[in-house]
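Since the structure comes first, as structure tokens, the remarks are kept for the end.
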Amino acid sequence: MLCHFRTLIQRQEEIVNKHNDLRRMVEPTASNMLRMKWNATAAKNAESWANDCILGHSPKTRRQIENGLQCGENLYYASVPKSWSSGIQGWFDERSDFIFGKGPDEDTAIIGHYTQMVWYKSYEIGCAVAYCPKSALYKFFYVCHYCPAGNLLGSSFYSPYTPGNPCGDCPDACDNGLCTNPCAYEDEYMNCRKLLQTYSCQHKTLQEGCKGSCQCTNEIQ
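Now the structure itself:
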């Protein structure tokens, strides 16, 4: 049991460290890239979906963690066992087809795994793999959940982080190019910054829908 526990811990460390190493390697460099850490609830959700052995993304209702926080999802399928590092690297290598601020260099290029991996505010991760013997082609289903979710539609869809000097937005909370000061709250409204120009955080609307902007003044949000 102790050996199995150590193996699980080592696997978690491999996944987290690989993601953080690659998040440090983005081009252009990022001024607000958060350091990732493991989330046990996200891992359980990923395991639950992997065990279903379904080719395709899980419903959003199966990608929620504490406080109802929504998570994103990357999937990887293999006919033989692969290391987590190789699968994660495969997602990251999609950057060769990605132009920062513009999107894929060709209409058919797949870049969503990469942009989710390097989404600046996705700082919690949980992953799992399942053996699916009844699957005709792929026998191993790899699933990672990223919290909060990235790849959000809007002006920042093809700008998954703010370009600039590493830790430029978090000079007092930096670990080798990654920020260590995430905001624990999310804005429910897309226009919170604009609302704050007119109303204060004492306003009921902002208290309910702009918790991130109101609660986090020095954190990355």
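The numbering used here numbers the first residue of the sequence shown as 337 and each following residue consecutively.
Each residue gets a CB set at the ideal place from its N, CA and C atoms; glycine is no exception.
Thinking residue i and residue j are a contact (beta carbons under 8 Å), I'd like their distance in whole angstroms, please.
i	j	result
A382	G462	5 Å
Y497	Y450	Not a contact, Cβ separation roughly 12 Å.
Taking 8 Å as the CB-CB cut-off, is residue i touching chain C?
i	result
P440	The question asks about chain C, but that chain is absent: this structure has only one protein chain.
Taking the beta strand (DSSP E) that residue i falls in, what are its first and last residues?
i	result
N410	G408 to A414
Y450	No beta strand (DSSP E) holds Y450; the alpha helix (DSSP H) holding it covers G448 to M453.
In the DSSP assignment, find the unbroken alpha helix (DSSP H) run with residue i in it and report its ends.
i	result
Y474	Counting along the chain, Y474 falls outside any alpha helix (DSSP H), and DSSP gives it neither H nor E.
I424	W420 to F428
G490	Counting along the chain, G490 falls outside any alpha helix (DSSP H), and DSSP gives it neither H nor E.
C528	C528 to L532
G545	K540 to G545
What's the gap between the Cα of residue i and the Cα of residue j?
i	j	result
V416	N410	18 Å
R399	E442	30 Å
V607	D508	The first residue shown for the chain is 337 and the last is 557, placing residue 607 beyond what the model contains.
H340	E350	Here the model assigns H340 a pLDDT of 49, short of 50, so the residue's position is not dependable, and the following value carries that caveat. Taking the straight line from one Cα to the other gives about 15 Å.
C421	Q533	Inspection of the sequence shows that residue 421 is occupied by Ser rather than by Cys. So the alpha carbons of these two residues sit roughly 45 Å apart.
R529	N517	19 Å
M369	L391	31 Å
S367	I556	10 Å
Y467	S384	12 Å
L405	I446	26 Å
Taking the DSSP output, what are the residues bridged to residue i?
i	result
Q400	Q406
W374	I461
D511	L514
F434	P440
H481	E409 and G462
D523	C546
A366	P499
Y467	F476
Are there 16 or more other CB atoms within 10 angstroms of the CB of residue i, so buried, or fewer, so exposed?
i	result
N561	A query on residue 561 cannot be resolved here, the shown segment of the chain reaching from 337 to 557 and no further.
L338	Reliability fails at L338, whose pLDDT of 43 lies under 50, so the model's placement of it is uncertain and the value that follows must be treated cautiously. Exposed.
D429	exposed
M453	buried
G486	buried
L344	exposed
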